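Asker: Residue numbers (the numbering used here): 799 to 1233. C-beta: ideal position from N, C-alpha, C; glycine also. Predicted model only: the values in this text are computed from it and were never measured.
Right, here's the structure in full:
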C-alpha cells in the first residue's frame, strides 16, 4: 500500500475517532464497520474502501432551510443502497454504509468470481458511484441544490499488512480513500476558479437587483444588488459565485468588474433611490475611492449618499481594528453602510454597534425559520431593539411569502427584501403595492 500524506492520516484518524451510530439513517457505528473489515481481511486478505464526501457551496441552508442537509444525506444513503447489485455488482458490499459529518464510507470485498480486487474494477465502481450521485443531485433534488452540493468519491484497497496493527492499517486505507476524494474535489475547485477568472477577464458578469421596500409607506427605498456568472456554470447562482470568489485569488479584480457592471446596469434609479453594493471589508478602501471618482460618471443618480456598501457580519469579525477604521473613513466620504447576516453571528453584535451601520440585514436563515418557531421570533424582537439602540434600520432579507412578511411586521420590522415583493431581475424590478 502506498503511504498517505501526514495530513491525510491526521484527517483519517479524526474521522475514525468521530464516527458514531446515526439513528435516523440507521447507519452502523464504527465498531460494526471495523468488525466487518477485520472479518473480510481474515477471509480474503483484501477489502476496498469508498469514501464519498459532499462539499457545500454558497448559502444552502438559508435558501432551502436547515433541514436540507439531512434530506440530502438521506437521499445519498438511499441512492448508495440502491446501487447494490447494480453499479456495485463488480464488487460485493460487505457492510452497510457508515456516515461521518457530510461523508459516507462504503466497504467492498473482492467479487465472488475472484480472490482479489482488480484496480480497474475499483476505478470503474468509483467512477460510476460519482456519476450516479451527480445524477441524483442534479435530477432528483430541488432545483439549485446540485450546484450547491458536489460529491467527491475516492477509493483505496486495504490489504493485510503484517507490519501494521489492524487499527493502523484501517487508518492508512481510509486516509488514502479520503486523499483520493480530496484530489477529485480539488480538480472541481480549480475548474470553478478557472471559469471565474475567465468571467472576470471577459466581463461576463450579470448584475441582479432586488427592491428593498417599505410596505407601510408603499415605496421602494432602494435596491440590493448581486452578480451571477454564466448560465452553463454553477457560478450562475450569486451565492455560489461569491463563495468561489472568496476562495480564489481574483477577489479584488472581481470586485472592480462586478461593481462597474452593477452601477452601469442600474439605469432607472430615481434621485432618492439607494443602491446596496456587496463588498468584502478588505476591498472597501479601493471601492470607496473608485466610487467617488467613477460611479457618478457611470450613473448620475449615484452620489455617495445614495450608495450603501454592504459587508457580511463574518467579514467584520476579521481584522476588526483596521476594518472599523475603514468603515469610519467610508462614512466620512458620505457613503452609507449595511451589515448583512444579522442573527447568524451574535458574537458580532458588539462590533456592529461600534461600526455604526445605517442598515442591518436579517439573515435569510433566521427569516426562513420563523414559521411556528417562537425562539426565532424572539431573536427578531431582540434584533429590532438592538437596531433601534444603534440607530440602524433593519431589513428582512429572503422574505419568500406574505406569512413571513406579516410575522416580521407584527414584531417591528419595517423594511423588506425578497420574493414576496419581487424576484431578482437584471433590470430594476417594479413593485406594486396594494391600495
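If you count every other CB in all the chains shown that lies within 10 Å of the CB of residue 1202, and 16 or more means buried, which is it?
Answerer: Along the chain shown, read from residue 1 onward, the residue named residue 1202 stands at position 404. Answer is buried; the Cβ neighbour count reaches 16.
Asker: Determine the contact status of residue 1182 and residue 1210, defining contact as a CB-CB distance below 9 Å.
Answerer: The residue labelled residue 1182 in the question sits at position 384 within the chain shown. The residue labelled residue 1210 in the question sits at position 412 within the chain shown. Yes; because the gap between Cβ atoms is below 9 Å, this pair is in contact.
Asker: Given this structure, state the Cα-to-Cα distance separating residue 1097 from residue 1075, to the nearest angstrom.
Answerer: The residue you call residue 1097 lines up with position 299 of the chain shown. The residue you call residue 1075 lines up with position 277 of the chain shown. Between residue 1097 and residue 1075, the C-alpha separation is close to 14 Å.
Asker: Locate the beta strand (DSSP E) running through residue 991, then write down its first and last residues.
Answerer: Indexing the chain shown from 1 puts residue 991 at position 193. Premise fails: residue 991 lies in the alpha helix (DSSP H), 964 to 1000, not in any beta strand (DSSP E).
Asker: Looking at C-beta atoms only, is the number of pairs between the stretch 965 to 976 and the stretch 842 to 849 that lie closer than 8 Å three or more?
Answerer: A contact exists between the stretch 965 to 976 and the stretch 842 to 849.
Asker: Kindly indicate which residue of 1155, 1198, 1030, 950 has the alpha-carbon position closest to the one of residue 987.
Answerer: Here residue 987 is taken as the residue at index 189 of the chain shown, counted from 1. Closest option to residue 987, Cα to Cα, is 950.
Asker: If you run the structure through DSSP and keep just helix, strand and coil, what is residue 1165?
Answerer: Reading the chain shown from its first residue, position 367 is the one you call residue 1165. Here residue 1165 sits in helix by DSSP.
Asker: In three-state terms, what does DSSP make of residue 1264?
Answerer: With the chain represented from 799 up to 1233, any question about residue 1264 goes unanswered, as that position is not in the structure.
Asker: Give the secondary structure of residue 1200 by DSSP, where H, G and I count as helix, E and B as strand, and everything else as coil.
Answerer: Numbered from its first residue, the chain shown carries residue 1200 at position 402. Three-state DSSP puts residue 1200 in a helix.
Asker: Which parts of the stretch 897 to 954 are runs of the alpha helix (DSSP H), unbroken and 4 residues or longer, counting only runs that do not cross its ends?
Answerer: With a minimum length of 4 residues, the continuous alpha helix (DSSP H) runs that stay inside the stretch 897 to 954 are 917 to 937.
Asker: Would you list the residues sitting across from residue 1009 in a DSSP beta bridge?
Answerer: Locating residue 1009 in the chain shown gives position 211, counting from the first residue. Paired residue(s): 1021.
Asker: Report the three-state DSSP secondary structure of residue 1183 (helix, strand or coil).
Answerer: Along the chain shown, one-based indexing puts residue 1183 at 385. Helix.
Asker: Pull up the distance between the alpha-carbon of residue 819 and that of residue 903, whole angstroms please.
Answerer: Numbered from 1 along the chain shown, position 21 holds the residue referred to as residue 819. Numbered from 1 along the chain shown, position 105 holds the residue referred to as residue 903. At residue 819 the pLDDT is 44, less than 50, meaning the model places this residue with poor confidence and gives no usable figure here.
Asker: Which one or two residues does DSSP pair with residue 1159 in a beta bridge?
Answerer: The sequence position of residue 1159 within the chain shown is 361, counting from 1. Answer is 1193, bridged to residue 1159.
Asker: By Cβ distance below 8 Å, which residues in the same chain neighbour residue 870 in space, the five residues on each side in sequence not counted?
Answerer: Reading the chain shown from its first residue, position 72 is the one you call residue 870. Only 852, 935, 939, 943, 947 meet the Cβ criterion.
Asker: If you compare alpha carbons, which of 1020, 1013, 1094, 1139 is closest to residue 1037?
Answerer: Reading the chain shown from its first residue, position 239 is the one you call residue 1037. Looking at the Cα atoms, 1139 is the closest of the given residues.
Asker: Is residue 1232 buried or exposed, if buried means 16 or more other CB atoms sit within 10 Å of its CB?
Answerer: The residue given as residue 1232 occupies position 434 in the chain shown. By the 10 Å Cβ count, residue 1232 comes out exposed.
Asker: If we ignore side chains and look at the alpha-carbon of each, how far apart do residue 1125 and residue 1186 end up?
Answerer: Numbered from its first residue, the chain shown carries residue 1125 at position 327. Numbered from its first residue, the chain shown carries residue 1186 at position 388. Each residue's Cα considered, the two are about 20 Å apart.
Asker: Going by beta carbon distance, what residues of the same chain come within less than 7 Å of residue 1131, once the five residues before and after it are set aside?
Answerer: The residue given as residue 1131 occupies position 333 in the chain shown. Closer than 7 Å at Cβ, skipping near neighbours: 1086, 1090, 1102.
Asker: Using the C-alpha atoms, what's the distance from residue 1212 back to residue 1255?
Answerer: Residue 1255 lies beyond the residue range present for the chain, which begins at 799 and ends at 1233; the question has no answer from this structure.
Asker: Is the separation between the beta-carbon of residue 1107 and that of residue 1134 shorter than 9 Å?
Answerer: Numbered from its first residue, the chain shown carries residue 1107 at position 309. Numbered from its first residue, the chain shown carries residue 1134 at position 336. Yes, these two residues count as a Cβ contact at 9 Å.
Asker: In three-state terms, what does DSSP make of residue 807?
Answerer: The residue given as residue 807 occupies position 9 in the chain shown. In the structure shown, residue 807 sits in a helix (DSSP, three-state: H, G or I).
Asker: So, using beta-carbon positions, are residue 1153 and residue 1165 closer together than 9 Å?
Answerer: The sequence position of residue 1153 within the chain shown is 355, counting from 1. The sequence position of residue 1165 within the chain shown is 367, counting from 1. For residue 1153 and residue 1165, no; Cβs fall outside 9 Å.
Asker: Answer yes if the stretch 1028 to 1048 comes into contact with the stretch 1059 to 1066, meaning at least three C-beta pairs across the two stretches below 8 Å, and no otherwise.
Answerer: The answer is no - the stretch 1028 to 1048 does not touch the stretch 1059 to 1066, with fewer than three Cβ pairs under 8 Å.
Asker: Spell out the partners DSSP gives residue 1138 in its beta bridges.
Answerer: Numbered from its first residue, the chain shown carries residue 1138 at position 340. According to DSSP, which records beta bridges pairwise, residue 1138 is partnered with 1110.
Asker: What's the gap between the Cα of residue 826 and the Cα of residue 837?
Answerer: As a working mapping, residue 826 is identified with position 28 in the chain shown. As a working mapping, residue 837 is identified with position 39 in the chain shown. Any reading at residue 826 is ruled out, since the residue's pLDDT is 49, under 50, leaving its predicted position unreliable.
Asker: Which of the three DSSP states is assigned to residue 1094 in this structure?
Answerer: One-based indexing of the chain shown puts residue 1094 at position 296. Looking at residue 1094 - three-state DSSP - the assignment turns out to be helix.
Asker: How should residue 1170 be labelled, buried or exposed, when 16 other C-beta atoms within 10 angstroms of its C-beta is the threshold for buried?
Answerer: What you label residue 1170 is simply residue 372 of the chain shown in a count that begins at 1. Exposed, since its Cβ has fewer than 16 Cβ neighbours within 10 Å.
Asker: Beta-carbon separation of residue 1220 and residue 1006 under 9 Å?
Answerer: Along the chain shown, one-based indexing puts residue 1220 at 422. Along the chain shown, one-based indexing puts residue 1006 at 208. Contact: no.
Asker: Taking residue 1073 as the reference, which of 1094, 1196, 1050, 855 has the closest Cα?
Answerer: For the purposes of this step, residue 1073 is taken as the residue at position 275 of the chain shown. Closest option to residue 1073, Cα to Cα, is 1094.
Asker: Can you tell me the Cα-Cα spacing of residue 1057 and residue 1030, whole angstroms?
Answerer: Sequence index remark: in the chain shown, residue 1057 carries index 259 (1-based). Sequence index remark: in the chain shown, residue 1030 carries index 232 (1-based). So the alpha carbons of these two residues sit roughly 22 Å apart.
Asker: Identify whether residue 862 lies in helix, strand or coil by the three-state DSSP scheme.
Answerer: The count along the chain shown starts at 1 and reaches residue 862 at position 64. Helix, per DSSP.
Asker: Which residue marks the beginning of the alpha helix (DSSP H) containing residue 1053, and which one marks its end?
Answerer: Taking the first residue of the chain shown as 1, we reach residue 1053 at position 255. Element bounds for residue 1053: 1049 to 1063.
Asker: For residue 1141 versus residue 1071, is the C-beta distance shorter than 9 Å?
Answerer: Taking the first residue of the chain shown as 1, we reach residue 1141 at position 343. Taking the first residue of the chain shown as 1, we reach residue 1071 at position 273. Their beta carbons are not under 9 Å apart, which means residue 1141 does not touch residue 1071 by this criterion.
Asker: When DSSP labels each residue in this structure, what does residue 853 get in the three-state scheme?
Answerer: The residue you call residue 853 lines up with position 55 of the chain shown. Strand, per DSSP.
Asker: Just tell me which of 813, 1083, 1041 has its CA closest to the CA of residue 857.
Answerer: Working through the chain shown from its first residue, we reach residue 857 at position 59. Of the candidates 813, 1083, 1041, the one whose C-alpha sits nearest the C-alpha of residue 857 is 1041.
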